[in-house]
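Numbering (the UniProt record's numbering), first residue to last: 1 to 393.
Ideal Cβ placement from N, Cα and C applies to all residues, glycine included.
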Amino acid sequence: MLDQLRDQPADKILSLMAAYRADPREGKIDLGVGVYKDAEGRTPIMRAVRAAEKRVWDEETTKTYTALAGDPAFADALVPLVLGPSVARERVAAVATPGGTGAVRQGFELIGLMNPQATVWVPEPTWPNHLSILKHLGMTVRGYRYFDEATLGVDAEGMLADLSGLQAGDAVLLHGCCHNPTGADPEPATWAKLTDLLRAKGALPFIDLAYLGFGDSLELDAAATRMIAGSGECLIAASCSKNFGIYRERTGLLMAVAGDDATTRLAQANLAYLNRQNYSFPPDHGARVVATILTDAELRADWEAELEEIRAGMLTLRQSLAAELRRLTNSDRFDFLTRHKGMFSRLGATPEQVERMRADHGIYMVGDSRINVAGLNARTVPVLARAMVEAGL
Ligand code: LMR
1 MLDQLRDQPA
11 DKILSLMAAY
21 RADPREGKID
31 LGVGVYKDAE
41 GRTPIMRAVR
51 AAEKRVWDEE
61 TTKTYTALAG
71 DPAFADALVP
81 LVLGPSVARE
91 RVAAVATPGG
101 TGAVRQGFEL
111 IGLMNPQATV
121 WVPEPTWPNH
131 LSILKHLGMT
141 VRGYRYFDEA
151 TLGVDAEGML
161 ADLSGLQAGD
171 AVLLHGCCHN
181 PTGADPEPAT
191 WAKLTDLLRA
201 KGALPFIDLA
211 YLGFGDSLEL
221 DAAATRMIAG
231 SGECLIAASC
241 SKNFGIYRER
251 TGLLMAVAGD
261 DATTRLAQAN
271 LAYLNRQNYS
281 FPPDHGARVV
291 ATILTDAELR
301 ADWEAELEEI
311 RAGMLTLRQS
321 LAAELRRLTN
331 SDRFDFLTRH
341 KGMFSRLGAT
351 PEQVERMRAD
361 HGIYMVGDSR
371 INVAGLNART
381 VPVLARAMVE
391 AGL
């Protein structure tokens, strides 16, 4: 029977990781997968994470199952970090999931349980795995304009025009901050218009929040999510992979913001049901570490400080890349880099230009010209800038 299987399409980001590893060139530069790296190219374990892991190791007395929703302490710690005062805690149903991707998957499945006919609207472009999961689930998908190729910023008018075609009961996938793959985030005024439109149409917002704290700050990056959550029902997939640097621990939370007690209970029961069907109990270690950090004043302050160092470092790299390009080209046409937020920027290069940068300079970026800014350092910023100009950008 196994010979009845068909080959599956390769994941573009993971294939790029493999191609980079296989390249024997000394000076190759990895701007591919969205993993934070410091100036030495390492992905460090954050100080607070290490301290919290030690504490968990000392204090944990059992490895028995938690609950289908995960340890409630995790949701109780993460929900306020994401939602602040925008929604009362008792209006938020939440389950721990294996990473942000697990939360995305469970969110799509929950939409299917609510409305099997729902169309899920996704920004064009979006993280390729969103589309892959939706296809795997057999859900109806429609793109909405998001990115303006001319300005390399958000096409706010196009987005609002396309979403005016929403039907009641549809779902709209949004990136809460630090849009992946473009780095272009809507202005607050656009978020406000979008919120009004979604509510007027009776559509369900589903916010993917994978890079909280990587854009402007923990508070500012949560602002759009809080605006939407404060205005009615929504789903939120939060990841702790990036902002706690615990990629391999698979730590995520799916939240459903509901309007009343009965609906919150119903959502909670459905979320727990979905966990049981897919993997039963969610992973606990990363969730326990995150809850330990967020509920201890000292660990939390240290985590926030290190996250801020990481954010500021990426911002400096963005600014120095833009400055180098300004110097090389005598123009400000690359200043969009400083307006992009978070870890990624889409450079606006053609696939041929991307290929040329890889062939000539060993620079690896995703085929749509998404770079991971954290893959750069002071030495490689000028190398990338020169390669971009040589490739004709
Ligand atoms: C990315 O977009 O590079 C990250 O979200 C990692 C992944 O799983 O693709």
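Measuring straight from C-alpha to C-alpha, what distance separates residue i and residue j?
{"i": "LEU384", "j": "PRO351", "result": "16 Å"}
{"i": "GLN106", "j": "SER132", "result": "14 Å"}
{"i": "PHE206", "j": "MET343", "result": "21 Å"}
{"i": "ALA267", "j": "ASP7", "result": "36 Å"}
{"i": "PRO72", "j": "VAL354", "result": "45 Å"}
{"i": "SER217", "j": "ARG386", "result": "31 Å"}
{"i": "THR380", "j": "ALA262", "result": "55 Å"}
{"i": "ASP284", "j": "THR190", "result": "37 Å"}
{"i": "LEU163", "j": "GLY34", "result": "28 Å"}
{"i": "ALA51", "j": "ILE293", "result": "9 Å"}
{"i": "VAL82", "j": "THR225", "result": "8 Å"}
{"i": "THR62", "j": "GLU304", "result": "29 Å"}
{"i": "ALA269", "j": "PRO116", "result": "18 Å"}
{"i": "HIS340", "j": "GLY183", "result": "5 Å"}
{"i": "residue 394", "j": "THR316", "result": "Outside the shown range of the chain, which is 1 to 393, sits residue 394, and nothing can be said about it."}
{"i": "THR195", "j": "VAL389", "result": "40 Å"}
{"i": "ALA192", "j": "ALA229", "result": "12 Å"}
{"i": "CYS240", "j": "ALA171", "result": "24 Å"}
Are the beta-carbon atoms of residue i and residue j separated by less than 8 Å?
{"i": "ARG250", "j": "GLY99", "result": "yes"}
{"i": "THR119", "j": "LEU173", "result": "no"}
{"i": "ALA238", "j": "LEU253", "result": "yes"}
{"i": "VAL79", "j": "MET255", "result": "yes"}
{"i": "ASN275", "j": "VAL95", "result": "yes"}
{"i": "GLU124", "j": "ARG145", "result": "yes"}
Look up residue i in the DSSP assignment and give the residues it is bridged to.
{"i": "PHE244", "result": "BP columns for PHE244 are empty, so no partner."}
{"i": "THR140", "result": "THR119"}
{"i": "ARG145", "result": "GLU124"}
{"i": "LEU253", "result": "ALA96, ALA238"}
{"i": "TYR364", "result": "ASP30"}
Could you please give the first and the last residue of the uninterrupted alpha helix (DSSP H) stretch that includes residue i?
{"i": "TRP121", "result": "Segment 119–124 is the beta strand (DSSP E) holding TRP121; no alpha helix (DSSP H) there."}
{"i": "HIS175", "result": "Note, HIS175: premise wrong, no alpha helix (DSSP H); beta strand (DSSP E) at 171–175."}
{"i": "ILE310", "result": "297–329"}
{"i": "VAL79", "result": "72–83"}
{"i": "residue 395", "result": "For the chain, the structure presents residues 1 to 393; residue 395 sits outside this window and is missing."}
{"i": "LEU190", "result": "According to the sequence displayed, residue 190 carries Thr and not Leu. Looking at the DSSP string, the run of the alpha helix (DSSP H) that includes THR190 is 188–201."}
{"i": "TYR273", "result": "261–278"}
{"i": "residue 394", "result": "Shown here, the chain extends from 1 to 393; a query on residue 394 therefore has no answer."}
{"i": "ASP221", "result": "218–221"}
{"i": "ILE294", "result": "A small correction: the amino acid at residue 294 is Leu; Ile does not occupy that position in the sequence shown. Taken as a continuous stretch (DSSP letters only), the alpha helix (DSSP H) holding LEU294 covers 285–294."}
With residue i as the anchor, note down where its beta strand (DSSP E) starts and where it stops.
{"i": "ASN372", "result": "370–372"}
{"i": "THR97", "result": "92–97"}
{"i": "PRO205", "result": "204–209"}
So within the stretch 334–362, which uninterrupted beta strand (DSSP E) runs reach at least 3 residues, ignoring any that extend past its ends? 344–346
Which complete alpha helix (DSSP H) runs does the stretch 11–51 hold, if anything under 4 residues is left out? 12–22
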